[in-house]
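Chemist: One structure is given below, represented as structure tokens, and several questions about it will come after.
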Amino acid sequence: MFWYLLLLWGGISAVEVQRPRGVPLSKRPFYEENKPFTCLDGSRTIPFDRINDDYCDCQDGSDEPGTAACPNGNFHCTNAGFRPTFIPSSHVNDGICDCCDATDEYNSGAECQNTCRELWRKEKESMQKLAEIAKEGFLLKQQLIQEAKRGLEEKQTKLGEVQNSKKDLETNVEALRTAKEAAEQPEKEAKERHLKELLGGVDKVNTAAFETIWSKIREKYVSEVRTQTPSSNTDGPAPVETPQEEVREPVSDNDSEPYPDDDIPEEEDEDEDEDEDEDMDDGDYKVTGFDYILECLPIFTKSLFSSAAQKARNEFEEAERALREVDDQIRNLEKEISFDFGPSSEFAYLYSQCYELTTGEYVYRLCPFNRVSQKPKYGGSETNLGTWGKWAGPEGNVYSVMKYEQGTGCWQGPNRSTTVKLTCGKETVVTSTSEPSRCEYLMEFTSPAVCQEAPDLEVSDIHEEL
Amino acid sequence: MVPVLVVWLALCLSGTWAVDRSNFKTCDQSSFCKRQRALKPGESPYRALLETMELTNTRLTLQLINDNNKVRLLLELYRLQGNMTRVKINELKPLKPRYEVPDVLVREPPTEPLSVLSQDENGVVLSLGVESQRVIVSAQPFRLDIVEGHNVLMSLNSRGLLAFEHLRMRKDTFSYKVTSTVASLWDNIKRVFSSQAEPEAENKEEADTAHQAETTKEEEEKVEEGMWEETFKSHSDSKPNGPSAVSLDFSLPGVEHVYGIPEHADTLRLKTTDNGDPYRLYNLDVFQYELYNPMALYGAVPVMLAHNTQRTTGIFWLNAAETWVDISSNTAGKTVFGKMLDYVQGSSETPQTDVRWISESGIIDVFIMLGPTPKDIFSQYASLTGTQSFPPLSSLGYHQCRWNYNDQEDVRSVDAGFDEHDIPYDFIWLDIEHTDGKRYFTWDPHKFASPKDMLQGLKDKKRNMVAIVDPHIKVDSNYKIHNEIRSRGFYVKNKDGGDYEGWCWPGNAGYPDFTQPDMRAWWASMFSYDQYEGSMDNLYTWNDMNEPSVFNGPEVTMHKDAVHGSWEHRDVHNLYGLYVHRATMEGLIQRSGGVERPFVLTRAFFAGSQRYGAVWTGDNAAEWDHLKISIPMCLSLGLVGISFCGADVGGFFKSPSPELLVRWYQTGAYQPFFRAHAHLDTPRREPWLFGPENTALIREVIRQRYTFLPYWYQLFYHAYRTGEPVMRALWVEYPQDPATFAVDDEFLIGRDLLVHPVTEEGARGVTAFLPGKEEVWFDIHTFQKHNGAQNLYIPVTMSSIPVFQRGGSIIPRKLRVRRSSACMEHDPYTLFVALNTRRTAEGELYIDDGHTFNFDNKEFIHRRLFFSNNVLSSVNVAPEAQFTTKSWIERVVILGASKPRKVTLITADGHKSQLDFDFDASVSVLTIRKPSMNAGEDWSMALQ
């Protein structure tokens with residue numbers, strides 16, 4: 001029969017409580033000395049001397065709280081001076097010290113030291129440290145919340161302003177369009193006349209023929225332009241654009257890919273060509289054939305056109321461009337305003353920032369709400385480890401984990417993705433990165449924005465003295 | 001060189017899922033196989049020259065002559081102890097020595113006397129000792145028949161396919177013309193002298209004329225394509241020795257079932273090869289191998305077993321060159337009806353299986369094992385090549401592997417995960433990424449900065465680690481291992497004499513010549529704790545890629561004209577992996593001063609590899625068919641002595657569904673080597689990553705494994721002593737029941753556990769064959785009793801792994817499952833006594849320290865447990881051995897019992913005591929509570 005004496009200091013007076021080995025105080029009443037014991041699941045009743053006799057009689061393991069006899073039992077470590085805990089019965093007398101009070105190894109020959117006080121001291125230290133951090137972090141967080149609030153208000157004000165100015169611009173554009181069309185009327189007639197001659201007396205403008213001619217011209221023109229204009233997809237390292245600039249720039253059509261130009265695919269990627277094709281369709285070349293001809297074909301001599309019409313056109317285009325810019329601005333502002341920056345917008349300050357961590361081989365870069373990337377330290381192209389997906393913390397703590405998805409694809413595998421775990425810290429820093437599974441990255445990130453109100457140091461389950 | 005790798009990767013890793021067959025030769029693309037296979041049966045040019053016969057007490061020699069080219073061969077015939085016959089055929093006077101495989105036989109096999117019973121001009125009859133066994137040597141055409149009484153057991157060259165490509169000078173080159181002139185001059189001179197020296201004066205004339213004929217004939221012999229040079233894909237084989245193949249046919253009258261010749265991803269029972277390629281034995285790194293075909297894989301054991309209800313025989317073809325095995329059968333094409341018709345008409349020919357072995361070089365050296373029982377074959381083969389090494393107990397536990405555990409923190413957290421989820425494991429593995437740039441014996445300085453701390457952390461939990469050490473060595477002048485090998489001249493050489501270099505994981509790599517004893521000794525010394533930095537005694541080794549794998553070599557292996565000392569790689573290819581494994585194992589033994597048992601896993605193997613450790617079935621895939629094939633693949637290995645076999649649990653390539661993963665754990669837990677492994681590109685799959693239900697299922701079956709560790713350990717001890725396989729084909733235990741002969745969806749562990757894993761997706765039931773007319777089988781989970789000789793339908797759920805204990809057996813188990821096997825060392829035993837219809841049972845209990853060689857010094861407990869007449873007793877079967885254990889008997893569970901009035905324990909000192917017990921009448925199970933005697937003592941227990 002394995003009994004042990006437990007000395008407990010309950011406040012001032014010392015109390016001795018006798019109970020079978022491995023039984024927590026709370027279960028003490030079930031183990032009444034010298035009375036038949038009923039398994040805690042009620043399955044059977046056994047003589048008291050079968051408790052802790054190193055043979056499993058109860059299916060629930062309750063007759064052997066202090067031995068390893070039952071496969072599903074638990075052993076209670078009192079751990080005076082630290083935190084009491086349960087360990088699986090299989091850890092009792094297995095030669096490995098599990099309880100800090102060493103009570104689990106009473107018959108294995110293992111030499112275990114009582115480390116509870118030391119553990120408590122360390123834990124207290126680290127708890128204190130954490131509490132300090134949390135405290136300061138929480139203060140910082142309040143500032144962040146205030147800033148976010150101000151920032152939001154500013155943006156809303158700005159949005160209002162811009163929206164108003166948009167109305168003016170729209171009016172302006174409409175006015176100019178009318179002016180332009182009026183100015184163009186004589187010109188149009190002249191042009192049709194000219195075309196008739198040019199195309200051998202065709203009554204009407206044959207648009208199909210135009211398109212054919214135009215597409216040939218376009219092809220030639222485009223190829224020249226491409227060789228002359230520096231492409232964004234140069235072979236050299238992609239220009240490091242500061243995120244601030246990027247944000248101010250018009251957001252591209254593709255919302256999920258805010259930095260398409262940076263995205264130089266890796267060797268294993270086979271869609272490089274596609275990317276280029278897409279680039280070709282973008283931007284400047286989307287001009288109507290007619291305008292093109294006007295600009296490029298010497299046979300349509302400028303003299304055909306009135307300078308008045310040209311001026312009207314220019315003014316109109318200018319106004320239109322201004323309108324587009326305002327639209328972009330509105331879109332950006334709306335996007336930012338509607339973004340989920342946490343319950344009190346405390347994460348708003350991370351928007352349009354980037355944080356780097358350099359490891360042995362790579363420089364990792366986290367641009368919150370935007371994307372995560374990895375770049376070899378010693379040259380080589382950048383790999384997209386995921387673009388902003390969602391908050392992905394567990395229920396009740398959704399804002400503790402960020403998920404970045406749909407990064408560069410892996411060979412025969414998924415697209416790269418990154419999970420960012422946020423912990424409370426005074427600084428906003430990426431503290432570690434790893435790739436636990438192929439192409440699934442894990443990043444640890446500290447920020448004051450996750451700090452909770454300083455926890456009470458006197459947490460109930462940690463007791464210096466019992 | 002980077003583009004080369006990229007191209008290789010692109011080729012090999014191309015999206016389609018399957019082996020790229022075009023990377024590997026068919027028989028037609030292997031010129032010697034094509035030449036030999038083109039020979040027609042019944043036209044043997046070989047004649048035995050009976051007058052040259054010489055018989056000493058231990059051997060008979062006889063010359064054979066090829067009547068087409070007059071080249072003479074020397075036949076040696078030995079009667080070996082233990083009912084074996086050895087037949088060796090070599091050229092009588094080869095141009096240069098031909099390779100004879102060293103280091104595979106554990107010793108020169110002891111012989112028994114042979115005697116001539118009768119002789120005439122047509123042949124000789126020799127007695128093979130007792131049992132009325134004889135060998136009949138027929139002269140023309142030459143053939144050997146081994147007979148017992150009136151039965152022919154096996155015939156050699158009965159189909160006349162003996163072929164021996166003699167070494168010759170090349171004729172189409174300038175150098176040949178010079179050397180041949182010199183040679184013929186030299187021959188003439190030699191002949192003049194030898195005719196005086198040799199006592200063959202009377203044959204001189206004949207020999208001379210023969211020689212004339214030979215030379216003229218030789219002139220006519222056509223030079224076929226591929227004899228002197230051979231190209232496969234972009235690789236050319238210079239073949240400086242020209243054609244050198246050997247081949248021989250064997251007929252097995254009365255045999256319809258042949259087994260063995262691993263490694264192939266095929267059924268247990270070998271198929272006939274008439275309509276396709278022969279089975280190929282050539283150690284190859286096959287990327288994403290295909291199932292159910294005769295293509296070569298990572299290892300080769302040239303041993304075939306033939307079985308019928310009367311007898312088991314075996315053929316061990318000791319040749320390490322590329323080898324092809326053809327199998328044909330006169331009943332293969334027949335339907336059951338056809339067979340019946342034959343039987344009714346009484347006109348049927350006896351069923352017969354014909355086998356033909358073809359090797360590219362070396363000699364014919366074949367051991368004919370005559371059984372007669374399967375266990376006799378195991379002991380005969382073990383007497384030639386040794387038995388399974390006795391592994392440390394911990395290596396029979398569960399192994400957690402992945403390419404790769406990324407860093408020390410990863411290792412720590414996976415280790416902690418096992419504790420958190422209360423799943424035992426013994427070994428965590430590190431694949432190639434743990435090294436500093438694929439330089440073996442080193443650690444990545446960032447990811448594994450303090451390996452000893454990591455190893456100590458594992459050791460604190462009584463756990464171990466395996467780190468990979470492959471035989472390709474990065475060519476890098478800053479790498480100590482490379483510099484030493486280069487400066488000592490230990491690398492394999494290319495045909496031009498420089499160090500052979502090939503492409504493998506580290507990029508450009510050299511391949512140490514493991515065939516050289518001094519190289520192996522040096523390699524072994526690299527495992528000492530002061531040489532292998534960061535290693536500790538709980539770090540063990542894994543040899544991968546030792547076929548050897550050469551990414552840019554022909555068929556992803558070494559060029560055949562690479563040079564190992566005085567031999568070509570062609571001669572030694574299939575031995576390379578065995579030597580790597582051996583040298584590594586010797587290193588692990590030496591580092592502990594010969595005290596600790598090693599554990600080394602290898603991918604490539606040959607006959608005899610069982611002496612060095614464990615093997616696994618290589619890079620399989622997460623597919624249901626790969627789960628299924630793990631059974632016949634390990635069964636086939638077990639038949640040829642390699643018991644410590646397993647397949648990557650979960651499948652290496654691709655990702656298993658949770659269902660497949662759970663089923664694979666359930667199967668793997670009942671196979672000898674139990675390791676989960678996964679490819680770098682697959683998502684993580686530690687046992688707890690598939691939701692609580694699947695975690696619980698996996699936990700449960702790993703825990704089952706641990707409860708059976710005493711039985712596994714005892715079986716490995718038995719395998720070490722006898723050569724009997726641990727994981728057994730059913731026919732081995734039921735050799736007279738033809739219903740068992742082709743079973744390979746279930747298996748036996750020892751002879752007492754029958755396992756029928758669930759290997760079908762979405763299975764709701766399996767039909768298990770319970771063998772043995774006299775047997776009863778007890779479901780180990782429900783204790784339900786079933787009769788033998790029936791097909792039993794068993795409904796299954798996801799938690800089911802149908803396992804049965806044979807009535808008549810006693811299995812000791814340890815039910816207190818802990819974190820690792822070492823944590824369970826002193827735990828008590830529960831004896832599971834399953835009664836047969838005669839209400840008897842027997843079993844064994846083997847105990848030692850679990851990790852040293854002290855068992856060789858009689859430090860162990862070996863007891864026989866038996867139950868009869870209602871008394872269960874434990875008696876010492878090794879009284880000369882000494883060992884003490886803290887373990888005791890905590891429980892005896894008797895299956896198929898009736899309720900006793902009382903149970904009395906009588907201990908060694910005669911003390912009697914009454915024991916408490918429970919009886920469950922619904923399943924007739926008697927549980928005797930806490931008898932408490934020490935497991936090493938004599939005792940008995942009476943039920944009254």
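The listed protein sequences derive, respectively, from chains V and S.
Residue numbers for the first sequence follow full-length UniProt numbering, beginning at 1 and rising by one.
Residue numbers for the second sequence follow full-length UniProt numbering, beginning at 1 and rising by one.
Glycine included, each C-beta is placed from N, C-alpha and C at the ideal position.
Everything numeric in this text was worked out from a predicted model, so none of it was measured.
So which residues of chain S does V:Pro436 contact, with C-beta pairs closer than 8 Å?
Modeler: Ordered by position in chain S, the residues that pass the 8 Å Cβ test against V:Pro436 are Asn406, Asp410, Arg684.
Chemist: At a CB-CB cut-off below 8 Å, which residues of chain B make contact with S:Asp460?
Modeler: The structure shown contains no chain B; its protein chains are V and S.
Chemist: Starting from S:Ala642, trace the alpha helix (DSSP H) both ways and give me its first and last residue.
Modeler: For the record, residue 642 of chain S in the displayed sequence is Ile; it is not Ala. Premise fails: S:Ile642 is in no alpha helix (DSSP H) and is neither H nor E.
Chemist: I need the DSSP call for S:His564, collapsed to helix, strand or coil.
Modeler: Three-state DSSP puts S:His564 in a strand.
Chemist: Just the Cα atoms here: how many angstroms apart are S:Lys233 and S:Pro554?
Modeler: Whole-angstrom Cα-Cα distance: 8 Å.
Chemist: Quick one: which chain S residues come within Cβ less than 7 Å of V:Tyr55?
Modeler: Those are Glu890, Arg929, Lys930, listed as they occur along chain S.
Chemist: How many angstroms separate the CA atom of V:Ala68 from the CA atom of S:Val662?
Modeler: Those two C-alpha atoms are separated by around 28 Å.
Chemist: Determine, using beta carbons only, whether S:Pro828 and S:Ala935 come nearer to each other than 9 Å.
Modeler: Contact flag set, yes.
Chemist: Among V:Ser108, V:Glu361, V:Ser338, which one has its Cα closest to the Cα of S:Met824?
Modeler: When each option's Cα is compared against that of S:Met824, the closest is V:Ser108.
Chemist: Which same chain residues, not among the five before or five after V:Gln329, have their C-beta less than 7 Å away from its C-beta?
Modeler: Result list for V:Gln329: Val162, in chain order.
Chemist: Just to check my reading of the structure: S:Ile749 and S:Val726 have Cβ atoms closer than 8 Å, yes? What is that Cβ distance to the nearest angstrom?
Modeler: Confirmed, Cβ separation roughly 7 Å.
Chemist: Note down, one range per segment and in chain order, each alpha helix (DSSP H) of at least 4 residues found wholly within the stretch 513-569 of chain S.
Modeler: Runs of the alpha helix (DSSP H) inside the stretch 513-569 of chain S: 517-525.
Chemist: Cβ atoms of S:Met558 and S:Ala265: under 9 Å apart, would you say?
Modeler: Not closer than 9 Å, so no.
Chemist: If I follow the unbroken beta strand (DSSP E) through V:Pro376, where does it start and stop?
Modeler: Counting along the chain, the beta strand (DSSP E) containing V:Pro376 begins and ends at 371-376.
Chemist: What number of angstroms, rounded off, separates the C-alpha of S:Pro110 from the C-alpha of V:Asp57?
Modeler: Roughly 58 Å separates the two Cα atoms.
Chemist: Report buried or exposed for V:Gln156, applying the criterion of at least 16 other Cβ atoms within 10 angstroms of its Cβ.
Modeler: Per the 10 Å Cβ criterion, exposed.
Chemist: By the 10 Å Cβ neighbour count, where 16 or more other Cβ atoms means buried, how is V:Lys377 classified, buried or exposed?
Modeler: V:Lys377 should be labelled exposed.
Chemist: Who does residue 949 of chain S pair with in a DSSP beta bridge?
Modeler: In the structure as shown, chain S starts at 1 and stops at 944, and residue 949 of chain S therefore has no counterpart that could be examined.
Chemist: Classify V:Glu405: buried if its beta carbon has 16 or more other beta carbons within 10 angstroms, exposed otherwise.
Modeler: Classification for V:Glu405: buried.
Chemist: So, using beta-carbon positions, are S:Thr48 and S:Gly160 closer together than 9 Å?
Modeler: Checking the sequence, you will find Ala at residue 48 of chain S rather than Thr. Cβ atoms of S:Ala48 and S:Gly160: not closer than 9 Å.
Chemist: Buried or exposed for V:Pro394, going by 16 or more other Cβ atoms inside 10 Å?
Modeler: Its Cβ having fewer than 16 others within 10 Å, V:Pro394 is exposed.
Chemist: Do we get a CB-CB distance below 9 Å when we pair V:Pro250 with the residues of chain S?
Modeler: Below a pLDDT of 50, predicted positions are generally treated as unreliable, and V:Pro250, at 35, falls in that range; the measurement from the model is reported next regardless. No, no contact with chain S.
Chemist: Using a 10 Å radius around the Cβ and a threshold of 16 neighbouring Cβ atoms, would you call S:Gln400 buried or exposed?
Modeler: It counts as buried.
Chemist: Taking all protein chains shown into account, do 16 or more other C-beta atoms lie within 10 angstroms of the C-beta of V:Lys390, making it buried, or fewer, making it exposed?
Modeler: With fewer than 16 other Cβ atoms within 10 Å, it is exposed.
Chemist: Can you tell me the Cα-Cα spacing of V:Glu361 and V:Val450, whole angstroms?
Modeler: V:Glu361 and V:Val450: Cα-Cα distance of roughly 29 Å.
Chemist: Flag S:Met558 as yes if its beta-carbon sits less than 9 Å from any beta-carbon of chain V, otherwise no.
Modeler: Chain V, which has no Cβ nearer than 9 Å to the Cβ of S:Met558, makes this no.
Chemist: To the nearest angstrom, how far is it from the Cα of V:Ala80 to the Cα of V:Asp101?
Modeler: Distance between the alpha carbons of V:Ala80 and V:Asp101: 7 Å.
Chemist: Label S:Trp317 either buried or exposed according to how many other C-beta atoms from any shown protein chain fall within 10 Å of its C-beta, with 16 as the threshold for buried.
Modeler: Label assigned to S:Trp317: buried.
Chemist: How close, in whole Å, do the beta carbons of S:Ala647 and S:Thr602 come, if the pair is a contact with beta carbons under 8 Å?
Modeler: Not really, about 14 Å apart at Cβ, beyond 8 Å.
Chemist: CB-CB under 6 Å to S:Met941, same chain, minus the five flanking residues each way: which ones, in chain order?
Modeler: Correct list, in chain order: Leu872, Leu905.
Chemist: Is the Cβ-Cβ distance between S:Ser155 and S:Phe250 less than 9 Å?
Modeler: Yes. Within cutoff.
Chemist: Report yes or no: is there a C-beta of chain S within less than 9 Å of the C-beta of V:Ser126?
Modeler: No, its Cβ sits nowhere closer than 9 Å to a Cβ of chain S.
Chemist: For S:Arg269, which residues from the same chain have a beta carbon less than 6 Å from its beta carbon, with the 5 sequence-adjacent residues on both sides left out?
Modeler: Around S:Arg269: His257, Ala742.
Chemist: Check this for me: beta carbons of S:Lys88 and S:Glu76, under 9 Å apart or not?
Modeler: Yes, the pair counts as a contact, with Cβ atoms nearer than the cut-off.
Chemist: The beta strand (DSSP E) with S:Lys375 in it runs from where to where?
Modeler: Per DSSP, S:Lys375 belongs to no beta strand (DSSP E); it is in the alpha helix (DSSP H), 374-385.
Chemist: If you compare alpha carbons, which of V:Ser307, V:Lys191, V:Leu442, V:Lys35 is closest to V:Arg365?
Modeler: When each option's Cα is compared against that of V:Arg365, the closest is V:Leu442.
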